[in-house]
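The next block holds one structure in the form of structure tokens; read it before the comments.
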Amino acid sequence: MKEYTIHPLVVGVNETDQGVMTYLRDYGKRIYLPIYVFVIKGGDKNILVDTGLEQFVVADDLGEKLGMDILEFEDALATQGLEPKDIDVIIHTHLHNDHCENDYKCENAKVYMQQAEFDFFQDPHPIDHRYYPDVLDDVDVEIISGDQELFDGISVIFSPGHSVGGQSVCVNTKQGKAVITGFCANEKNFPEAGPAVAPGVHIDVRQAYDSAQKIKTDADILIPLHAMWVGRESVIG
1 MKEYTIHPLV VGVNETDQGV MTYLRDYGKR IYLPIYVFVI KGGDKNILVD
51 TGLEQFVVAD DLGEKLGMDI LEFEDALATQ GLEPKDIDVI IHTHLHNDHC
101 ENDYKCENAK VYMQQAEFDF FQDPHPIDHR YYPDVLDDVD VEIISGDQEL
151 FDGISVIFSP GHSVGGQSVC VNTKQGKAVI TGFCANEKNF PEAGPAVAPG
201 VHIDVRQAYD SAQKIKTDAD ILIPLHAMWV GRESVIG
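Numbering (the UniProt record's numbering) for the sequence shown: 1 to 237.
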């Protein structure tokens, strides 16, 4: 099986409450949430997992404070020798706006998402306001359903709950199976002992809980979608 490396890029940071990440836990604790694009290297295609925020405002010294480079999408790609037009594939964890605002810039990319997520995106329930109707305009969408291998060594696991059609991305590396969660989570969702903690924001908390348990069991390297440590790594795997 082909082996890859994962290169996290920070394309924004939000400040919020830990309870947004962990269901019924740690409310009132202010935290930072990095917004990531993941570049997958090792194959014959330029692959991204998510495309992050298009515009954001952070304090000038925040990157130094957090120990990570916070860059706009094009500048972040440039650190990997890439431009948006070079991207062949985008795999979406889900379609909340902070994961897909730069899709339209990648004019040559095929964009993979779950059928359930795409359907909900087209007619979202008003309780979930994070689906922006224009983010997929002029995007080459590739619909998949359920667990599926996309390329040799890269597959997705259907991970509903946080959103209707989230998918976790599994990447074979020399250090084992790395899994990027298909739902918003950080370090606190995955304690070393005991079960994983469901995401604090969810459409279906039971599905969210079950998805978190499955990912915790499957991964050799677990990459929570908003974990702080991820942004301090230049390469994973």
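We treat Cβ as the ideally placed atom computed from N, Cα and C, and that holds for glycine. Quick caveat, the model's predicted, so the values are computed rather than measured.
My understanding is that residue i touches residue j, with C-beta atoms under 8 Å, so please give their C-beta distance in whole angstroms.
i, j, result
"V139", "V20", "28 Å between Cβ atoms; not a contact."
"T5", "V235", "5 Å"
"G12", "D98", "7 Å"
"D17", "N46", "At roughly 36 Å, the Cβ-Cβ gap does not stay under 8 Å, so D17 and N46 are not in contact."
With a threshold of 8 Å between beta-carbons, can residue i be considered close to chain D, or not?
i, result
"D128", "Given the protein chain composition of this structure (a single chain), no chain D is represented."
Taking the alpha carbon of residue i as the reference point, which residue from the options has its own alpha carbon closest?
i, options, result
"K110", "F121, V141, F118", "V141"
"D134", "I31, Q18, I47, E54", "E54"
"D220", "K188, M228, T181", "T181"
"N108", "P124, D44, V89", "V89"
"T93", "F118, L77, K45", "F118"
"L62", "A78, Y32, Y27", "Y32"
"G28", "E15, V205, R206", "E15"
"P84", "M68, L66, C106", "C106"
"P124", "D26, P34, I203, R25", "I203"
Using 10 angstroms around the beta-carbon of residue i, count the other beta-carbons present and answer buried if the total reaches 16, otherwise exposed.
i, result
"T22", "buried"
"Y36", "buried"
"Y112", "buried"
"E101", "buried"
Please confirm whether residue i and residue j have their CB atoms less than 8 Å apart.
i, j, result
"G166", "F183", "yes"
"A193", "A212", "no"
"D75", "Y104", "no"
"I144", "Q175", "no"
"A196", "K216", "yes"
"F38", "V49", "yes"
"residue 304", "K2", "The requested residue 304 is not part of the displayed model; the chain covers only 1 to 237."
"S163", "V179", "no"
Please work out which residues of its chain come closer than 6 Å, Cβ to Cβ, to residue i, disregarding the five sequence neighbours upstream and downstream, and give them in chain order.
i, result
"I154", "V171"
"Y209", "A198"
"N121", "Just to set this straight, residue 121 is Phe in the shown sequence, not Asn. If we look at F121 and ignore the five residues flanking it on each side, its Cβ neighbours are L95, Y131."
"A227", "N186, E187"
Under 7 Å Cβ to Cβ from residue i, same chain only, skipping five residues before and after it: list those, please.
i, result
"G146", "F158"
"V58", "V13, I70"
"L224", "Note on identity: in this sequence residue 224 is Pro, with Leu being the wrong assignment. T181, A185, N186, E187, N189, F190."
"E72", "V11"
"Q80", "H7, V39"
Looking at the ligand GDP, does it come within less than 7 Å of residue i, judged from the CB to the closest heavy atom?
i, result
"S163", "Looking for the ligand GDP in the displayed structure turns up nothing, as the structure carries no ligands at all."
Here's a check: name, in chain order, each residue in its chain whose Cβ is nearer than 8 Å to the Cβ of residue i, leaving out the five neighbours to either side.
i, result
"L148", "In the sequence on display, residue 148 carries Gln and not Leu. Here the set comprises S155, V156."
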